[in-house]
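Protein chains in written order, with this note's numbering: chain G, 8 to 371; chain U, 8 to 371.
2 protein chains.
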Amino acid sequence: MLLVEPVSGGTGGGRRCTSVSATIEDVARAAQVSVATVSRALRGLPNVAPSTRERVVAVASRMDYVADPTASRLAGGRRMVLGLVVPMLGQWYYAKLFSGVEAVATVAGYDVLPFTTSGPGGSERFVRTLPFRKRVDGLILADAPFDAQQFAAVAATGVPIVSLGSFTPGVWGIAVDNAAAARLAVGHLTGLGHTRIALIGGIPDDPFRFSVPVDRFHGYQDALEAAGLSYDPALVVPGNFSAEGGAEAMHKLLAAPTPPTAVFACSDEMAIGAIQVARDAGLDVPRDLSVIGIDDHDISAYVGLTTIRQDVTGQGERVAQLLLEHLEDRDDVQVEDVHEAHPTRLVVRRTTGPPPDRASHPRV
Amino acid sequence: MLLVEPVSGGTGGGRRCTSVSATIEDVARAAQVSVATVSRALRGLPNVAPSTRERVVAVASRMDYVADPTASRLAGGRRMVLGLVVPMLGQWYYAKLFSGVEAVATVAGYDVLPFTTSGPGGSERFVRTLPFRKRVDGLILADAPFDAQQFAAVAATGVPIVSLGSFTPGVWGIAVDNAAAARLAVGHLTGLGHTRIALIGGIPDDPFRFSVPVDRFHGYQDALEAAGLSYDPALVVPGNFSAEGGAEAMHKLLAAPTPPTAVFACSDEMAIGAIQVARDAGLDVPRDLSVIGIDDHDISAYVGLTTIRQDVTGQGERVAQLLLEHLEDRDDVQVEDVHEAHPTRLVVRRTTGPPPDRASHPRV
DNA sequence: ACCCTGTGTGGAAGCGCTTGCAGGCGGCGC
DNA sequence: GCGCCGCCTGCAAGCGCTTCCACACAGGGT
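Set out below in structure tokens:
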């Protein structure tokens, strides 16, 4: 009886009438124990007699009781929220990432709160308002487009941080070896005999903030050098990590006096955009032009795109675990940063082949 | 002075040392007013003298004060969280949706908490545990795979609900007119002269729970009938809403005694999977086979896919607004449900054309 | 028999806010 | 010139939990 207390507040007025559900106090009363015991019993803490625990659990489940996370958080001092800072939601890569992070966080009882840095105000706004303050226990910085000063401002909040996509000294993180991935891609092309290999890269304006494309650029240069090829700046164009940007980039490349015979795009979406433009221009891919991407986007297999595969969801899961571990070990003096490299793999499909001049066999 | 109170708890021990930031009390002391006044001043409530407000705001900003949302929520009785129930994160459609919802919710000061129903335990687990209880102010049900009883269980929690993707009596919601979209797609194909038109649809096992594919199926039948064509069950296969499923479906269709000359896939991803299989089988798209999808996925333009366009991000924004409005108007007796239809549009690209037998002109 | 330990439990003080209520103060109407 | 009404402001009671502490009690050593 008495599920709804007539006492309590005392306001009669227009108090928003959400269907009142049981509080810990209701459970305590029904189970004839104190609220402290209910709290301990339900959370599996020690020092509760088995019989008591059993009774409390039974009563709680009968009453459909669930603890109010808001109250737990306030009292417990832990927000049970992981912040995920990404340039944007809604893009394949970040959606997959979110999905991985969310899966791990949920199991551990954490919520995931996304923050985007490419919306209105961009990363400036983010750094100025630091919107995660008092809202998260830890932060995952994914491809954070911050310079050193901005990064320091974020770190100065004292919120534990892990990073994804690039490594920062003093910050745990995971990333694929972007230079190696690029070498793999370009190496595949040089191995096929290509000598004019273009790069469709990142965002034109802030080359120093977003390290992924610059690492890939370095890998591209390395692979060129390893193959004895010279680097031609005219073959490097930004692609903005979208299909549209990849298409624009390809237009530029095609307009050059001597167009490339192969293109390495820093994402599959850009590669797909580039292929489209090439085909529209009457080129046959891969006979006239080879294209390779990075990611292995869900649909890359279905457009036959040769690419460098990375497991984005897996990275999301792993970086979430890393943050969780980090939150546990706050007190321990950590001797060494954890900088974990994730593997990539070449997946050869049907958009790469030998360059046109030596095309003796039809295709790979 | 005295930013960090030496008094308070009294525990000397290993209290987790997060960098202590200012509380409302610190601000009140510094501004020489009560915490109540600080609260009112900072939230723009009336009945605060302009001079007082100014001073409080100045002090707060100097101290880098931000209110702790956890405490506000507990005290205010509103969680400031919108739940978004989706089958999964990480798929294009739901990522876009999330992105739209998040944008609107953020502006209104709400967080978005995703719940997935196709993870471990699926929707059964969701309905059994009702994990959103005490965590959200309202719920967006996107393509919720619930039967009437499950839906009732969710509604019985008293949490305000809006739906997306299909309409339920008594529940505000938005959706595209899926039957109309399907008619548009199939009408395009019949208009081109096709008479054997296949449908690659939804999930094989629960046809009654997820209304989107069944609505599209009805639209498909309607369009067939309108064109005077008979319905052939052999031409309807499930595709699971993934590129992989679309590919499998196409395999089945191709194995039939008389394969279709056109395919309507209920998503672009399935369409792309289907096209791949058709081309592998030596068919030319669109000469030998026309394929049309639904969505206008980001990359559809770049694979030349003809499709029915819908604005998913816009739907996310709109459904979030709707929920927000709904939360405002709880008390008002709402005469009529809000059931809002969102537009779709045919986008003709290069995967549809006249059927092979009457292919006089090369392509559209 | 005694003290000491360990286990189980309840009381109560918060966590950092919001908000109902009461009270002080000045200005206006009559 | 007095009362009344508003406007500001502060007090204090929560919101529903967690956790520190005190305490009661049972059992083992010496």
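Backbone N, C-alpha and C define an ideal beta-carbon position, used for all residues, glycine too.
- Message: Going by C-alpha to C-alpha distance, which of U:Ser-249, U:Phe-248, U:Val-244, U:Phe-271 sits closest to His-258 (chain U)?
- Response: U:Val-244
- Message: To be precise: take each residue of the segment 280-302 of chain G, compare its Cβ to all Cβ atoms of chain U, and keep it if any distance is under 7 Å. Which residues remain?
- Response: Gly-280, Gln-283
- Identify which residue in G:Ala-162, G:Met-95, G:Phe-158, G:Phe-139 has its Cα closest to the Cα of Gly-129 (chain G). G:Met-95
- Message: Can you pull the chain G neighbours of Pro-76 (chain U), defined as C-beta to C-beta under 8 Å?
- Response: Lys-141, Arg-142
- Extent of the continuous alpha helix (DSSP H) run through Val-27 (chain G): Counting along the chain, Val-27 (chain G) falls outside any alpha helix (DSSP H), and DSSP gives it neither H nor E.
- Determine the extent of the beta strand (DSSP E) in which His-349 (chain U) is found, giving its start and end residues. 346-349
- Task: Sort U:Arg-142, U:Val-111, U:Val-64, U:Arg-356 by Cα distance to Asp-303 (chain U) and report the nearest one.
- Result: U:Arg-356
- Query: Ser-106 (chain U) versus chain G: which residues are under 8 Å apart at the beta carbon?
  - Reply: Met-95, Leu-96, Gly-97
- Message: Under 7 Å, Cβ to Cβ, is there at least one residue of chain U near Pro-214 (chain G)?
- Response: The predicted model places Pro-214 (chain G) with a pLDDT of 46, which falls under 50 and marks its position as unreliable; any figure quoted below should be read in that light. So, not an interface residue.
- Task: Give a yes or no on whether the minimum CB-CB distance between Arg-80 (chain U) and chain G is below 7 Å.
- Result: yes
- Message: Taking CB distances under 7 Å as the criterion, tell me whether Val-244 (chain G) reaches chain U.
- Response: no
- Task: Using a threshold of 7 Å, state whether the C-beta atoms of Arg-325 (chain G) and Val-354 (chain G) are closer than that.
- Result: no
- Task: Tell me whether Glu-343 (chain G) is buried or exposed, calling it buried when 16 or more other Cβ atoms sit within 10 Å of its Cβ.
- Result: exposed
- Message: Suppose the cutoff is 7 Å on Cβ atoms and the five residues either side in sequence are ignored; what does the same chain contact list for Pro-361 (chain G) look like?
- Response: Leu-199, Gly-200
- Message: For Ala-102 (chain G), would you say it is in contact with chain U, using Cβ-to-Cβ distances shorter than 7 Å as the test?
- Response: yes
- Task: Return the CA-CA distance between Ser-274 (chain U) and Ser-237 (chain U), expressed in angstroms with no decimal places.
- Result: 23 Å
- Could you say if the segment 189-198 of chain U and the segment 318-333 of chain U meet the contact criterion of at least three C-beta pairs nearer than 8 Å? no
- Could you say if the segment 90-105 of chain U and the segment 84-93 of chain G meet the contact criterion of at least three C-beta pairs nearer than 8 Å? no
- Query: Quick one: what does DSSP say Pro-57 (chain U) is sitting in, helix, strand or coil?
  - Reply: helix
- Between the beta-carbon of Gln-157 (chain G) and the beta-carbon of Val-183 (chain G), is there less than 7 Å? no
- Query: Three-state secondary structure (DSSP) at Thr-44 (chain G)?
  - Reply: helix
- Message: Checking 7 Å against the spacing of the C-beta atoms, do Val-169 (chain U) and Ile-147 (chain U) come in under that value?
- Response: yes
- Query: Got a sec, what are the start and stop residues for the alpha helix (DSSP H) Ala-250 (chain U) sits in?
  - Reply: 250-262
- Give the DSSP-derived three-state secondary structure of Val-11 (chain G) in the structure shown. In this predicted model, Val-11 (chain G) has a pLDDT of only 31, less than 50, meaning its place in the structure is not dependable; the value taken from the coordinates is given anyway. Three-state DSSP puts Val-11 (chain G) in coil, outside helix and strand.
- Which residue comes first and which comes last in the alpha helix (DSSP H) that contains Ser-106 (chain U)? 99-114
- From the DSSP output, which residues share a beta bridge with Ala-272 (chain G)? G:Ile-207
- Message: Just list the residues that DSSP pairs Ser-170 (chain G) with in beta bridges.
- Response: G:Leu-148, G:Gly-180
- Task: Give the residues of chain U in contact with Glu-109 (chain G), contact being defined as C-beta atoms less than 8 Å apart.
- Result: Leu-96, Pro-121, Thr-123
- Task: Could you confirm whether any beta carbon from chain U is found closer than 7 Å to the beta carbon of Ile-210 (chain G)?
- Result: no
- Other residues of its chain near Phe-105 (chain G): CB distance less than 8 Å, five sequence neighbours each side excluded: Leu-91, Val-93, Leu-96, Val-119, Pro-121, Gly-323
- Determine the extent of the alpha helix (DSSP H) in which Asp-229 (chain U) is found, giving its start and end residues. 218-233
- What are the start and end residues of the beta strand (DSSP E) that includes Ile-31 (chain G)? Unbroken run through Ile-31 (chain G) is the alpha helix (DSSP H), 31-38; no beta strand (DSSP E).
- Message: With three or more C-beta pairs closer than 8 Å as the rule, is the segment 55-68 of chain G touching the segment 28-41 of chain G?
- Response: yes
- Task: Tell whether a beta-carbon distance below 7 Å holds between Arg-142 (chain G) and Thr-164 (chain G).
- Result: no
- Message: Contact criterion: CB-CB distance below 7 Å. Does Val-221 (chain G) meet it with respect to chain U?
- Response: no
- Pull up the distance between the alpha-carbon of Ala-29 (chain U) and that of Ala-74 (chain U), whole angstroms please. 9 Å
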